[in-house]
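Notes for the one structure printed next.
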Amino acid sequence: MTRTGDRAPRAATAARARPARRGALAGRRTLALGGLAIALALARPGGAAEIQFTAAVDRTTVGLGEEFQLQLTVQGEDVLSVPKPELPPLADFTVLGSTSSQSTNISFVNGQVKKQSSVVFVYGLSAKRLGTLVIPPCRLSYQGKAYETRPIEISVVKAAQGQARPAPGPAPGPGPPSASVPVEGNLFLSATASRKTVYVGEPLVLDVALCTRLQIANGGWAQAPAFDGFWAEKIYDADRFDFQRRTLEGKAYDVSRLKTVALVPLSPGELTIKPLAFNVAVVQPARDLFGFFGRSQAVRVESKPVRIKVVALPEAGKPAEFTGGVGQFTISATLDRRASANSEPLNLTVQVSGRGNVRLIEKPALAVVPGLRILEPEIKDDVRATAEGVRGTKTFRYPVIPQADGKYLIPPIRIAYFDPEARAYRTIATAALECSATGSAPSAPLVEATGLKVLGADIAYIKADARALAVTPLDPPWWPNAIYLLSLGLVGGAVWYHAHSQRLSSDRGYARKVRSSRLVRARLRQAEAMLRKKDARGFYAALGQAVMGYIGDRYNLETQAMTKEQLQAELARLAVPAETVAAVTGIVEQCELARFSPGLAEIQDPQQLFRRTRDALAEI
Amino acid sequence: MLANLLLVLALAAGPAGVYNEGNRLYARKDYAGAVRAYQQALAAGPNADAGYNLGNAWFKSGKIGKAIVAYRRAWYLEPRDADIAANLAFARGYRVDKVLTLPSPLARGLDRALHFLSVREAAWLAAACFALAALSLSLWILRRWTAFLAAAAVLAVLFGLCLGSQQAWLGEVSARPAVVVVPEVSAQSGPGEEFKQILLVHDGTEVRVREARGGYLLVQLPGGSGGWVPKDAVEPVYPR
């Protein structure tokens, strides 16, 4: 029986239709479990103390000259005193050495004590020639009975082939299945989140494991795992399978952890971790005991999507110093030196350490320290992710340049973070730091020149308290525009007045015209006074004078010496309207008539004449 | 909480009460409380002292850009106040971005001369000079005394200077100056996030707003370079 495959275990020989007793072999040789082959021979039954005598080799395919092991096992109720079995003549093999071990197992079955002992004799052998060799039956005599094992076939190949080992150590499945096993239900990829509800920024741990009841040859990610909406921090990445037996839903599986990541959700809401895809090569075992080994079958397994509920951080009570940290942190600050000479920069190092989303913590706001120029920080983070969570330290290194000599106090630096366990914000602060500067460039000459010692620079202090706070409008007022108009009016008025007075002095007609209304008003008042004194003669004289004087002033005429006809002709020449001329001459005529014929004066109504005169003069 | 209560109590005393309360909070180094108080005092209307103290409170809170805005508003009202000028220069020294182009000494001297008077003083004095010049001219017209003409000429020159100062202030306002009030913002080549980032400007950098479109402003730096920034990233010195 020559085998070309060497992956799957197989029974080389089974004696008396009893299944192989793997238990007897377990733990003796783990290096070559995959290549284990056993041969078993049961002792013929006889006598009361029945024992089992079996032979097995650790491999049935060996390289030429390579060491392999032959194990002879004696099992029974009390076999500790069993003699060493005798080896058959081994012409094709060299015996390299031998050793033996004993074990006893006591068990209670149905109230009875049952004692099982076993003695294992191990021989180191190596083959002397190529081909199929046979280890002949081994014999044992015990308590007068003879036992014999079955012969074992060994195929000897060239050395390299016989040493072939499975690549990424797939462990045997839960017992070598005797028939083709369906993939469905026996192979899946599990993705387990440590928590289903987290706050934004609070890390959770995702475990991805391959669970199988089949034999896996090898595997690899079908596509690189992506975690959209999360910041992923690697905790563990498998580079080989490491199967552990676990019971899942009542079935035994071999489980190998493939990947563990810490995930930090970046935004609130329902986030879904998309299915991860893994390709595996499943080894389908032999159809029958002596059939060909199964071919490997490529299978793609996907995990189920994992839904995570991400809760937004509460807005209520969020401190102004909050810099994005979620977890539990401490803060510390140090200055590399306490004193700076000649404006040399100091280094202010602020460290935030603890458990949580260390990488996402932003720089703390630093108070302005007058006289110190604090530059943008250099940021480093040192994060270790473990199954317990993410821990680490974020370091902000601020260069600080003194601008003036003096002592400075850097006030406590505060940050706030959210503690998801306490569901509250916490504010932490460093201690205040002191430093001093000497020899700063700008203030040095001042010290020497004036003897003043400049200790530092700061903004000027606030203005004092006020009794009332006057509002100063931003826009300029409107009233200057009124002033501009009035001023222009003033200049215009001056110009007009100047021209007016010039004309008054040079133009007689203009001056008479300007004066005429004032004079006629005076004469009319005089006439009115006469009327009140019942001096009819005087009244008519004054009235006639007023009319003639006014006409003279108005039209620049010498009216005193004019007759009625001359006046009429002059007025007509000056294009005075005919009815006005008629009215005026009528009044003048009446006045003269009344003055010189006293009887008539009483008959006429002087009041009515006065009104007529006033109206007529207003017309001109 | 206590500070808020005190503010409410001080509100009853009017803007001066809130302002005085702000001074007390400032003295106790509660700069955030002082900022709130001064802002409330200024809600009644602009005031140089309250604006200056607000600038101090912002500066002490580490907000250089906000401090520069407050100082510039106070300077607009009281341009000859030495404290305002000193603290404005001090705050400008803390900016990350340095001034790209320095004006010549002559231009700076002219600028200081034109901003010697505040805009209201300039408007007031210009009107007074104009009125007096007009009066002198009128007297000269009527009386022909040369002294009046000379006085009118001098007053006309003074009027021209005051008018120039007033125009300088109006030009300053119409230039729409603004200050970056966020720690860092990138100016983009267009009004939107998708455009290319072309410039990184920091807290306190003084810019001119040239155009507003959507939630974005086109700002220009003194050197001439500029770009679009989100509206909230800058605060105009003279809000309209």
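Protein chains in written order, with the working numbering: chain A, 37 to 656; chain B, 82 to 321.
The beta-carbon is built from N, C-alpha and C at its ideal position, and this holds for glycine as well.
The model shown is predicted, which means the values in this text are computed figures rather than measured ones.
Within chain B, partners of residue i - CB distance below 7 Å
i: D441 of chain A; result: Simply none; closest approach about 16 Å.
i: A530 of chain A; result: S219, I222, L223
i: A369 of chain A; result: Neighbours of A369 of chain A on chain B: none; closest Cβ ~16 Å, over 7 Å.
i: Y444 of chain A; result: Per Cβ cutoff of 7 Å: no residues; Y444 of chain A is ~15 Å from chain B at best.
i: A608 of chain A; result: Within 7 Å Cβ-Cβ: nothing; A608 of chain A doesn't reach chain B, min ~42 Å.
i: Y520 of chain A; result: A208, F211
Beta carbon of residue i nearer than 8 Å to that of residue j
i: V260 of chain B; j: I149 of chain B; result: yes
i: V318 of chain B; j: R153 of chain B; result: yes
i: L349 of chain A; j: F454 of chain A; result: yes
i: A578 of chain A; j: Q562 of chain A; result: yes
i: P3 of chain A; j: A493 of chain A; result: The question about residue 3 of chain A has no answer, for chain A in this structure spans 37 to 656.
i: F240 of chain B; j: A203 of chain B; result: no
i: D130 of chain B; j: A502 of chain A; result: yes
i: V531 of chain A; j: A215 of chain B; result: no
i: A138 of chain B; j: A115 of chain B; result: yes
i: L192 of chain A; j: L166 of chain A; result: The amino acid at residue 192 of chain A is misidentified as Leu; the sequence shows Val. The answer is yes: Cβ separation under 8 Å.
i: G360 of chain A; j: G237 of chain A; result: yes
i: L673 of chain A; j: F314 of chain A; result: No statement about residue 673 of chain A is possible, as the shown extent of chain A runs from 37 to 656 and does not include it.
i: F171 of chain B; j: I437 of chain A; result: no
i: R559 of chain A; j: Q581 of chain A; result: yes
i: L108 of chain A; j: V93 of chain A; result: no
i: Y112 of chain B; j: K147 of chain B; result: no
i: Y546 of chain A; j: R539 of chain A; result: yes
i: R374 of chain A; j: C471 of chain A; result: yes
Interface flag, residue i vs chain D, CB-CB below 8 Å
i: D275 of chain A; result: Included in the structure are the protein chains A and B, with no chain D among them.
Cβ-Cβ separation, residue j to residue i (assumed contact under 8 Å), whole Å
i: A151 of chain B; j: G132 of chain B; result: 5 Å
i: G307 of chain B; j: Q301 of chain B; result: 4 Å
i: V362 of chain A; j: G392 of chain A; result: 5 Å
i: D114 of chain A; j: K151 of chain A; result: 7 Å
i: R648 of chain A; j: Y576 of chain A; result: Not confirmed; about 13 Å, so no contact.
i: V659 of chain A; j: Q602 of chain A; result: The structure shown has nothing for residue 659 of chain A, since chain A only spans 37 to 656.
i: T463 of chain A; j: R450 of chain A; result: 6 Å
i: L225 of chain A; j: V234 of chain A; result: Not really, about 23 Å apart at Cβ, beyond 8 Å.
i: S389 of chain A; j: T422 of chain A; result: With a Cβ gap of about 15 Å, S389 of chain A and T422 of chain A do not count as contacting.
Extent of the continuous beta strand (DSSP E) to which residue i belongs
i: V155 of chain A; result: 148-163
i: L106 of chain A; result: 103-112
i: S191 of chain A; result: 188-193
i: V436 of chain A; result: 425-438
i: G383 of chain A; result: Strictly speaking, residue 383 of chain A in this sequence is Asn, with Gly absent from that position. From DSSP, the beta strand (DSSP E) with N383 of chain A extends over 382-392.
i: S219 of chain B; result: Element bounds for S219 of chain B: not the beta strand (DSSP E) but the alpha helix (DSSP H), 200-224.
Where the alpha helix (DSSP H) through residue i begins and ends
i: E625 of chain A; result: 614-632
i: Q248 of chain B; result: 227-255
i: L223 of chain A; result: Premise fails: L223 of chain A lies in the beta strand (DSSP E), 223-229, not in any alpha helix (DSSP H).
i: Y533 of chain A; result: 515-542
i: K147 of chain B; result: 145-158
i: Y591 of chain A; result: 572-591
i: E655 of chain A; result: 642-655
i: E287 of chain B; result: It is not in any alpha helix (DSSP H) - E287 of chain B instead sits in the beta strand (DSSP E) that spans 287-294.
i: R373 of chain A; result: Counting along the chain, R373 of chain A falls outside any alpha helix (DSSP H), and DSSP gives it neither H nor E.
i: D179 of chain A; result: The identity of residue 179 of chain A in the sequence shown is Gln, whereas the question assumes Asp. Where Q179 of chain A is concerned, there is no enclosing alpha helix (DSSP H), given that its DSSP letter is neither H nor E.
Beta-carbon neighbours of residue i, restricted to chain A and to distances below 9 Å
i: P127 of chain B; result: V507, T508, P509, L510
i: L158 of chain B; result: T508, L510
Within chain B, partners of residue i - CB distance below 8 Å
i: Y434 of chain A; result: The contacting residues do not exist; Y434 of chain A stays about 13 Å from chain B at best.
i: R539 of chain A; result: Under the 8 Å cutoff, chain B gives no residues; its nearest Cβ is about 15 Å from R539 of chain A.
i: S523 of chain A; result: F211, A212, A214, A215, L216
i: L402 of chain A; result: G143
i: H536 of chain A; result: Chain B residues near H536 of chain A: none, gap ~11 Å exceeds 8 Å.
Within chain A, the residues that residue i reaches when beta carbons sit closer than 8 Å
i: Y100 of chain B; result: D501, A502, L505
i: W205 of chain B; result: P513, P516
i: F229 of chain B; result: Here the premise fails: no neighbours, minimum Cβ distance about 11 Å.
Contact set between residue i and chain B, taken where Cβ atoms lie within less than 9 Å
i: L526 of chain A; result: A212, A215, L216, L218, S219
Partner residues on chain A for residue i, Cβ-Cβ distance less than 7 Å
i: V200 of chain B; result: P512
- Query: Using 8 Å as the threshold, is the segment 253-269 of chain A in touch with the segment 282-299 of chain A, meaning 3 or more CB pairs across them?
  - Reply: yes
- Could you say if the segment 303-313 of chain A and the segment 282-292 of chain A meet the contact criterion of at least three C-beta pairs nearer than 8 Å? no
- Three-pair Cβ contact test at 8 Å for the segment 171-180 of chain A versus the segment 110-129 of chain A: yes
- Query: Okay, do the segment 226-233 of chain B and the segment 183-201 of chain B touch, 3+ Cβ pairs below 8 Å being the bar?
  - Reply: no
- Stretch pair the segment 502-515 of chain A + the segment 546-553 of chain A: three plus CB contacts closer than 8 Å: no
- Message: Closer than 8 Å is the cut-off here; do at least three beta carbon pairs connect the segment 563-570 of chain A with the segment 614-629 of chain A?
- Response: no
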